[in-house]
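Take a look at the structure set out below.
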Amino acid sequence: MMVSIIVAVGPQNEIGHNGALLWKLPEDLKNFKKITMDHHIIMGRKTFESIGKPLPGRTTVIISRQENYQVEGCLITNSLIKALEMADQNGEDEAMIIGGGEIYNHALSLADKIYYSKVDFEGEADTYFPKLNRENWTSSGKKLHPKTDKLLGWSYEVLYRNNK
Ligand SMILES: NC(=O)c1ccc[n+]([C@@H]2O[C@H](COP(=O)([O-])OP(=O)(O)OC[C@H]3O[C@@H](n4cnc5c(N)ncnc54)[C@H](OP(=O)(O)O)[C@@H]3O)[C@@H](O)[C@H]2O)c1
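Numbering (the working numbering), first residue to last: 52 to 215.
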């Protein structure tokens, strides 16, 4: 089973503030939906609560240390490794780790692939993606989305781990 991360970062690796995302980019969200559809999406409890519900068409796996944490329609576990095992046992071919900061920290060394959006964001943040050593990753090529009157500029690429 392939292990993938999907993330959108700012220039300083910012990903969130006060439990929410930092920007609204409808095309990036559309891309997120397309990439994750029909897959297991694995996330920390705080990211789940910021989304607020299981996303249709996907199997939601929530990681929490709370013993009695339950959400109807979601799988719950207490570690990233167990979440990946659950996905594998369900026949998943590409598990999607969708955040947030705590979970990405664990996930980066396990990932084969990163769906990586970078947003020209300026502002306050309190949650970050871990530092990426670009020498370990090969890019599919960057697609640029220039700034418009209403939307921030951003880029999108897929990163593949070297020699794995
Ligand atoms: N830009 C992006 O692409 C993106 C993507 C996703 C999220 N975000 C943002 O990131 C922020 C949330 O990230 P976060 O770092 O605060 O929280 P998080 O990683 O979503 O969730 C943290 C929670 O996960 C559980 N957890 C973490 N490590 C664990 C471990 N080793 N074992 C068992 N459970 C573990 C704990 O849940 P319990 O407290 O229940 O034990 C912990 O409180 C939000 O602002 C969100 O909007 C941004």
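Just so you know, even glycine gets a beta-carbon here, dropped at the ideal spot from N, CA and C.
Local Cβ density within 10 Å of residue i, reported as buried at 16 or more and exposed below that
i	result
GLY174	exposed
LEU195	exposed
ASP144	exposed
HIS90	buried
GLU65	buried
SER55	buried
LYS182	exposed
ASP79	buried
MET147	buried
GLY61	buried
GLY67	buried
THR98	buried
Per-residue DSSP class, three states only, for residue i
i	result
HIS157	helix
ALA162	coil
GLY152	helix
MET137	helix
LEU80	helix
Beta-carbon separation (whole angstroms), residue i vs residue j, contact threshold 8 Å
i	j	result
LYS164	LEU210	7 Å
LEU76	LEU203	7 Å
GLY152	THR178	4 Å
LYS193	GLU208	5 Å
ILE114	ILE154	6 Å
Length of the line joining the Cα atoms of residue i and residue j
i	j	result
THR87	GLY108	9 Å
ASN214	ASN119	40 Å
ILE149	MET94	5 Å
THR110	GLY124	8 Å
HIS157	LEU131	7 Å
LYS81	ARG116	31 Å
LEU126	ARG212	28 Å
TYR166	MET53	13 Å
LYS133	ALA162	15 Å
LYS201	ALA176	21 Å
ASP171	ARG185	19 Å
VAL122	GLY70	19 Å
TRP205	LYS104	27 Å
SER191	ARG96	31 Å
GLU136	VAL112	11 Å
Exercise. Where are the beta strand (DSSP E) runs, 3 residues long or more, that stay fully inside the segment 166 to 206, in chain order?
Worked result: 188 to 190, 194 to 196
Problem set entry | Secondary structure, alpha helix (DSSP H): runs of 4+ residues fully inside the segment 94 to 137 | Counting only runs of 4 or more, we get 96 to 102.
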